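Below: one structure, written as C-alpha cells.
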Amino acid sequence: MTKQEKVNFTIKTLDELYPTIPIPLDHKDPYTLLIAVLLSAQSTDVRVNKITPLLFERADNPFDMVKMSVEEIREIIKPVGLSPMKSKGIHGLSEILIEKYDGEVPKEIALLEELPAVGHKTASVVVSQAFGIPAFPVDTHIHRLMYRWGFTNGKNVVQTEKDAKRLFPKEIWNRLHLQIIWYGREYSPARGWNLEKDVITSAIGRKTVLNDYYKNKKTAK
150 MTKQEKVNFT
160 IKTLDELYPT
170 IPIPLDHKDP
180 YTLLIAVLLS
190 AQSTDVRVNK
200 ITPLLFERAD
210 NPFDMVKMSV
220 EEIREIIKPV
230 GLSPMKSKGI
240 HGLSEILIEK
250 YDGEVPKEIA
260 LLEELPAVGH
270 KTASVVVSQA
280 FGIPAFPVDT
290 HIHRLMYRWG
300 FTNGKNVVQT
310 EKDAKRLFPK
320 EIWNRLHLQI
330 IWYGREYSPA
340 RGWNLEKDVI
350 TSAIGRKTVL
360 NDYYKNKKTA
370 K
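By my numbering, the letter at position 130 of the sequence shown is numbered 279, and the numbering carries on one by one without gaps.
Written out as C-alpha cells, the structure is:
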C-alpha cells in the first residue's frame, strides 16, 4: 500500500468502527471542559469523570471557582493526582478568565496556552471539542498509534502532531483524533496488545513494530 492508501484505509476503518464518537470527558460548556481536560493530565478519564461532578457542584464557572480557596479545590481534586499544581492552575486561570475575558473561555489556542496549567494539548482539546475549531490534540494513544502505523517517526508529540495534520484532511481532525484514542484503548493498547484484534496495525503497521511483536511473542512462549 502507498502512504495515501494507508491513510485512506485508516480513515475508512475508524469510520466503520466509530460512526458516532463518545466524548471521553463529561462537561457541559467550554469552562467545564477546560477544567476536566486540565485535570486529566497524567490521570484517567474515568477518574476525572468521578471527581468533576463534586467540583462542579461547588463551582461550575470561574466566578464561583474563585470564591473557593486553592486548598478547598485541592481537597476535592486530590484523587486525580498532581493536585497542588492543578488546584493552583484552576484557581489562577479562573481569575484570569474573569479579569481578561469576562468569565468566557477564549477560542484561540495561543490565548488558552497563556493560562496557568494549560498546555498545548489541553488548549487543542478545548478548541476542538468546545468550539469545533480544527485541531489535532496528541495524547499517548495517538502518539503510539501514529508510530505503529508508520505515519510518524515517534520522536516527540510535536512531530506527531505535525505529521498527523499533514497526512489527514483538516475537516476530519476533530472526529479523527477521538476515533484514534478510542481505537488505541480498545484494539491497540500499550500493554496486553493482541495484534490479531488490531486490524489497522496488522494491515499497515510499521515493519519493525510487527517484527518486534512477533519476536516478543516467541520469547514469551
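Cβ coordinates follow ideal geometry from the N, Cα and C atoms, glycine included. No experiment lies behind these values; they were computed from the predicted model shown.
How about residue i and residue j: do their beta carbons lie closer than 7 Å?
i: Asp175; j: Asn198; result: yes
i: Pro170; j: Leu344; result: Residue 170 is actually Ile in this sequence, not Pro. No, the pair does not count as a contact, with Cβ atoms beyond the cut-off.
i: Gly230; j: Ala266; result: no
i: Ala272; j: Ile258; result: yes
i: Ala279; j: Leu182; result: yes
i: Val274; j: Val195; result: no
i: Thr309; j: Thr301; result: yes
Quick one, which of the options has its alpha-carbon nearest residue i's?
i: Gly252; options: Leu260, Ala259, Ser243, Ile258; result: Ser243
i: Ile291; options: Ala339, Glu248, Ile245; result: Ala339
i: Thr159; options: Leu316, Glu320, Thr368; result: Leu316
i: Glu307; options: Thr193, Lys270, Gly341; result: The sequence shown places Val at residue 307, rather than the Glu named in the question. Residue Lys270 is the option with its Cα nearest to Val307.
Is the closest heavy atom of the ligand MN to the C-beta of residue i under 6 Å?
i: Asn210; result: The ligand MN is not among the ligands present in this structure, which contains no ligands whatsoever.
The alpha helix (DSSP H) with residue i in it runs from where to where?
i: Glu242; result: A quick correction: the sequence has Leu, not Glu, at residue 242. Note, Leu242: alpha helix (DSSP H), 232-250.
i: Arg355; result: That residue, Arg355, is in no alpha helix (DSSP H); it is neither H nor E in DSSP.
i: Ser228; result: In the sequence on display, residue 228 carries Pro and not Ser. Here Pro228 belongs to no alpha helix (DSSP H), and DSSP marks it neither H nor E.
i: Ile184; result: 179-188
To the nearest whole angstrom, what separates the beta carbons of residue i and residue j, a pair I think is in contact under 8 Å?
i: Tyr332; j: Leu294; result: 7 Å
i: Tyr296; j: Arg355; result: 7 Å
i: Ile225; j: His240; result: With 8 Å as the limit, Ile225 and His240 do not qualify as a contact, their Cβ atoms being about 12 Å apart.
i: Ile200; j: Pro228; result: 6 Å
i: Leu163; j: Ile329; result: 7 Å
For residue i, is the classification buried or exposed, using 16 other Cβ atoms within 10 angstroms of its Cβ as the cut-off for buried?
i: Ile349; result: buried
i: Asn323; result: buried
i: Ile172; result: exposed
i: Lys235; result: buried
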